[in-house]
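In our numbering, the protein residues as written are 62 to 474. Heads up, the beta-carbon is just placed ideally off N, CA and C, and yes, glycines get one too. Predicted, not measured: the structure shown is a model, and the values here were computed from it. Here's the structure we're looking at; comments come further down.
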Ligand SMILES: [Zn+2]
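And the structure:
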């Protein structure tokens, strides 16, 4: 049996879920803090949390690690990213800063399609090397579980290539990775004038082969004007559901399309973005089991409105935060930065932001039973931060306070 005693922790902060599958509304503030504690980890699982002085005397362990008075937090769960793609779009960043809109850049051949071209050209080995480098950086910034979507291939072979890279990363990298199929991210140029044909390709060819090879847990879709209509979205998502995929949606990002209500109606695990969700939409989401995932990095980067996460929490909704890491609209690995934006731009308290970035992120991946908080029986995904109180993580923004990362009971950073 492998065992680790993490001792001399100055302060510990974590959501207290008591095996609840998520924390909603006022319960999102349910953070417990303790001082001068130690955590005992056996076979990667947290088996004891107690006074450091006691555990240092009592515990018989293979390995001891001195936390040197640092603050311990659960590892972040980044439940919405597009981590595996070729190229970058720094040139478009310059165009946008000179006044062009996201839609204008997309119409000029930029946007998702420029990344599609770079991704189609890249080999499996090249995408793997890029993906590994990005995951290493995420881990250094405290993310221990990540969801990764396909969606920059937009033909069957290229979508499978991306999902196979994600699969290989999940076997070789310490990070826990949840794969999502996002073949319906945009219409590829080959189907520019045959949208129906592409929807059929996704439903009749891509989804069945992704399922047969067991390459994705979730199916996601970009439901938006000029992308996938409500009708196309419903057809694709229903096909996915029948095949056994869980559902996510890019919903209400650029317009109040009704995508979030569609997600609720189909029993999606999460609806993500929500920048344009109306007050009626807020009520519909909050009254459901569907998790509302805010992606404030995209609002910051595109200078768009922020999603109504305060309103969602106030009416009892379940809110998660994620980076949406992607080359066009949110080029960041930093979950603490999302927490800063949550508190400064959306009036979420640091307690709510911590729950949204850990336990509720895990819930958005159907993993809250095993990770997302520092509680007995959970996976030992633990951050040690060079701060005296967890508030400082989002208060002192724009830098990395994470010194060590423990993943499944092993020190990996
Ligand atoms: Zn996204």
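- Taking every protein chain shown into account, the CB of residue 160 has fewer than 16 other CB atoms within 10 angstroms, so this residue is exposed.
- Taking 8 Å as the upper bound for CB-CB distance, residue 374 and residue 436 are not in contact here, some 22 Å apart.
- Bridge partners of residue 109 according to DSSP: 101.
- Excluding sequence positions up to five before and after residue 286, its CB lies within less than 8 Å of the CB of 315, 316 and 318, all in the same chain and listed in chain order.
- Here residue 460 is exposed, its C-beta having fewer than 16 other C-beta atoms within 10 Å.
- Here residue 441 really is in contact with residue 102; their C-beta atoms are around 4 Å apart, less than 8 Å.
- With respect to the 9 Å criterion, residue 208 and residue 176 are not classified as neighbours on the basis of their beta carbons.
- When only Cα atoms are considered, residue 406 and residue 367 end up about 7 Å apart.
- The beta carbon of residue 365 is closer than 6 Å to those of 336 in its chain, skipping five residues each way along the sequence.
- Neighbourhood of ligand 1, defined by CB distance below 6 Å to any of its heavy atoms: 141, 143, 311, 385 and 387, in chain order.
- Each residue's CA atom was taken as its position, placing residue 439 and residue 105 some 9 Å apart.
- A residue is called buried once 16 or more other Cβ atoms fall within 10 Å of its Cβ, and residue 246 is buried on that count.
- At a Cβ-Cβ threshold of 9 Å, residue 145 and residue 191 count as neighbours.
- For residue 125, the closest alpha carbon among the candidates 385, 306, 116 and 313 is that of 116.
- Here residue 78 is near residue 429, since their CB atoms are less than 9 Å apart.
- Inter-segment contact for the region 386 to 393 and the region 446 to 463 is absent: fewer than three beta-carbon pairs are separated by less than 8 Å.
- In summary, residue 265 is exposed, with fewer than 16 beta-carbon neighbours lying within 10 Å of its beta-carbon over all protein chains present.
- The DSSP-derived three-state label of residue 84 is coil.
- The beta carbon of residue 120 sits closer than 7 Å to those of 66 and 101, all from its chain and outside the five residues before and after it, given in chain order.
- Using a Cβ distance threshold of 9 Å, residue 308 and residue 279 count as a contacting pair.
- Judged by their CB atoms, residue 143 and residue 213 are nearer to each other than the 9 Å cut-off.
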